[in-house]
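S.K.:
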Amino acid sequence: GNVAELKSCKSSEDCSSVSYCSASGDEAICSGNSVCVCSRAHYHVALDEAIVPAPNNFTGRFLFDENDQGVSPIYTEPYWSSSVGVRVYRDAGGSSGNWALGAGLVVWVCSLVSTFLLKKKLKKEKLF
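Going by the working numbering, 9 is the number at position 19 of the sequence shown; the sequence numbering is gapless.
1. Answer with buried or exposed for V8, where buried requires no fewer than 16 other C-beta atoms within 10 angstroms of its C-beta.
2. How would you call V27, buried or exposed, if buried means at least 16 neighbouring beta carbons within 10 angstroms?
3. How about the region -6 to 4 and the region 15 to 22: do they share at least three Cβ pairs that are nearer than 8 Å?
4. For C5, is the classification buried or exposed, using 16 other Cβ atoms within 10 angstroms of its Cβ as the cut-off for buried?
5. Once the 5 residues before and after G22 are set aside, which same chain residues still bring their CB inside 8 Å of it?
6. Taking the alpha helix (DSSP H) that L108 falls in, what are its first and last residues?
7. Between I41, D58, V25 and N57, which has its C-alpha nearest R51's C-alpha?
8. Looking at the structure shown, is E(-5) part of a helix, part of a strand, or coil, going by DSSP?
9. On a Cα-Cα basis, can you pick out the residue from T49, A82 and A44 that is closest to D55?
10. By DSSP, does E56 sit in helix, in strand, or in coil?
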């Protein structure tokens, strides 16, 4: 297929002229790897279809839609503050997972050996 080359950036302002995101209607932002990527996150009201914001009322006031006819299970997501953000971390690579696996295997082998030796000693002393 036709793959667009990613533009380098230092801030999201550097990504304003990126054309490969506008085709899908997304906004380009500067990623942690210093390249412009298409942001696919968007704000949406996280409410069940039967719950509607109350008009001319305070934020957080809702009404039940009388025309729902019980079809909807009435769900909602918890309240999220407007200051919620996202942190992007660089990929640490596969080596950290391999080290964790190796350490786990060493602990497992040491546990097996020590259990075997302890059982052997307890049998010798006739305590097992």
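Ideal placement from N, C-alpha and C gives every residue a C-beta, glycine not left out.
M.R.: Looking at the atomic coordinates:
1. buried
2. buried
3. yes
4. buried
5. V78, Y79 and R80
6. Segment S85 to K114, the alpha helix (DSSP H) holding L108.
7. Out of I41, D58, V25 and N57, I41 has the C-alpha closest to the C-alpha of R51.
8. coil
9. A44
10. Reduced to three states, the DSSP call for E56 is coil.
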